[in-house]
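Read through the structure below, which is laid out as structure tokens, and then see the notes.
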Amino acid sequence: MAENRITIMAVGGAGCRIMQKFTALEAADKFRLLALDSDSNSLQNSGVSEENWIQAGRLLRSGRGCGGDIIAGQQALANERKLLNSVLASTDILVVVAGLGGGLATGGLPVILGVAAKLHITTTVLVTLPFAMEGFQRRHIAEEKIRNDLLPIADAVIALPNDLLFSTMEAETPISEAFQRSDEEISRTLFAVVSVLGGANLFNADFAAFTGVLKRRHSLCALGTALVENNENAASNAMDELLSSPLLGGPETLDNADAVAFSLIGGPELSMGSARAVLDLCARQVNPDFEKKLLMGAATDEDFTGKIQLTVLTVRYLDNQVQEDAPAVKHSFRRRPVAAGGDDGEQLALPNLDVVEKGIMENTTPVMLDGEDLDVPTFIRRSLVIELGK
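55 is the number of the first residue of the sequence shown in the working numbering; add one for each residue after it.
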């Protein structure tokens with residue numbers, strides 16, 4: 055696996071908590087790890103070495119968090135583009151892990167992805183969505199951020215609702231324990247994702263197939279992981295643990311999905327027979343009568359000697375059809391017919407000369423991609439009409 059080409063960046067408090075669990079994995083030191091937050095305590099607890107911290111808005115926030123304020127998060131990263139450009143210059147693949155709903159990640163992720171896009175870096179974003187009990191507004195903000203700002207730029211967006219925790223955990227489970235289990239599951243899934251990105255699969259699913267089911271699609275995902283000993287009962291043990299994973303939402307999630315991806319990681323001793331036994335069992339969990347995309351892949355890693363890790367990612371689309379890559383909006387002249395009674399020729403239509411307000415990004419260096427200013431809100435760049443429900 056070409057791990058040195060992959061950078062994993064934790065953004066915000068939720069991202070840093072997940073990164074702390076990820077750094078505890080034996081294979082974590084094979085990747086370049088970064089932690090980005092305005093909260094100095096969050097960075098200290100991320101498990102990432104201090105030389106790989108990015109403290110956003112150092113002067114503006116003075117080491118404090120953004121308190122769930124999206125504007126504060128955007129401001130904290132507004133002037134960090136030069137630093138991000140330098141830090142990410144040698145990266146081929148960027149995996150970002152964060153929590154959405156308010157604060158630094160929600161406000162700052164478009165800035166990070168904009169810099170990555172300018173550098174032509176392949177990007178995958180793994181984000182958690184707020185609990186329903188946190189209120190409609192936070193969930194709405196998170197989903198709008200994904201739809202309008204992340205999907206148009208990132209190569210793949212994996213959105214995991216925190217409410218999945220309620221499907222398998224007892225109501226008496228302490229909140230701290232629930233979040234710890236969630237962070238552990240996501241950290242293990244993060245490793246499965248970077249294994250796919252690193253091109254280490256022995257067969258079938260690769261990054262092109264992986265992003266093919268996610269690119270430009272607004273979706274909700276669920277995930278399950280299992281880590282078991284590689285013995286004669288490995289297949290059944292892995293499946294039992296997988297189906298009870300706290301972020302999967304139960305076995306029925308596999309039937310309700312539009313796409314399902316299984317990833318198997320084992321030690322160097324993993325045989326084709328063992329891999330086939332596990333993945334055959336995986337295929338039987340998906341109803342063949344439903345039309346869905348099923349991806350499977352296997353990889354080996356020395357850190358998994360004597361063990362296997364099985365991961366499943368389910369995808370349920372929220373849109374009705376595949377969205378093609380939106381064309382860049384550029385200033386250009388177009389022809390339109392002249393009114394009846396006029397010349398037989400065509401008249402040139404002038405480009406839109408409206409002045410666009412860029413808010414706090416007004417005096418910063420713009421991030422341009424294919425002639426498109428990514429600082430201008432997506433709905434303005436693409437002339438989308440926003441329904442306000444009035």
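Virtual Cβ for every residue (Gly too), placed ideally from N, Cα, C.
Compare the Cα-Cα distances from residue i to each of the options and report the closest residue.
i	options	result
residue 179	215, 62, 373	62
residue 276	224, 225, 247, 215	215
residue 291	166, 331, 173, 110	331
residue 340	204, 310, 136, 93	310
residue 315	106, 357, 336, 159	336
residue 67	282, 99, 356	99
residue 345	81, 358, 370	370
residue 328	65, 182, 242, 354	354
residue 245	65, 75, 174	75
residue 174	208, 182, 192, 163	208
residue 238	265, 202, 278, 227	278
residue 138	81, 226, 109, 84	109
residue 154	129, 199, 112	199
residue 83	248, 190, 191	248
residue 338	301, 190, 289	289
residue 350	271, 267, 132	267
residue 193	116, 242, 225, 160	160
residue 236	115, 162, 126, 298	298
residue 106	230, 73, 79	73
Going along the chain, which residues of its own chain have a beta-carbon closer than 6 Å to the beta-carbon of residue i, five neighbours each way excluded?
i	result
residue 186	217
residue 304	221
residue 212	180, 275
residue 324	354
residue 393	Confidence is the limiting factor: at residue 393 the pLDDT is only 44, short of 50, which leaves the residue's position unreliable, though a coordinate-based value still follows. Excluding positions up to five away in sequence, the list is empty.
residue 397	Bear in mind that a pLDDT of 48 at residue 397, under 50, signals an unreliable position, so the model cannot answer this.
residue 293	335
Starting from residue i, follow the beta strand (DSSP E) in both directions and report where the run begins and ends.
i	result
residue 273	273–283
residue 127	Careful: residue 127 lies outside any beta strand (DSSP E), inside the alpha helix (DSSP H) at 124–132.
residue 318	313–320
residue 153	147–153
residue 88	86–91
residue 351	347–354
If you follow the alpha helix (DSSP H) that residue i is in, where does it begin and where does it stop?
i	result
residue 337	326–337
residue 294	288–297
residue 112	112–115
residue 164	158–172
Rounded to whole angstroms, how far is the Cβ of residue i from the Cβ of residue j, which I believe are closer than 8 Å?
i	j	result
residue 157	residue 123	7 Å
residue 273	residue 372	6 Å
residue 111	residue 129	6 Å
Spatial neighbours of residue i within its chain, please: C-beta separation below 8 Å, excluding the five flanking residues on both sides.
i	result
residue 375	Unreliable positioning characterises residue 375 in this predicted model, as indicated by a pLDDT of 46, which lies under 50. The coordinate reading is nonetheless provided below. Hits under 8 Å: none found.
residue 141	88, 108
For residue i, which residues from the same chain have a beta carbon less than 7 Å from its beta carbon, with the 5 sequence-adjacent residues on both sides left out?
i	result
residue 283	360, 361
residue 234	none
residue 368	275, 276, 307, 308, 311, 314
Any 3 or more C-beta pairs closer than 8 Å across the stretch 163–174 and the stretch 137–147: They touch, by the three-pair rule.
Stretch pair the stretch 348–364 + the stretch 313–328: three plus CB contacts closer than 8 Å: yes
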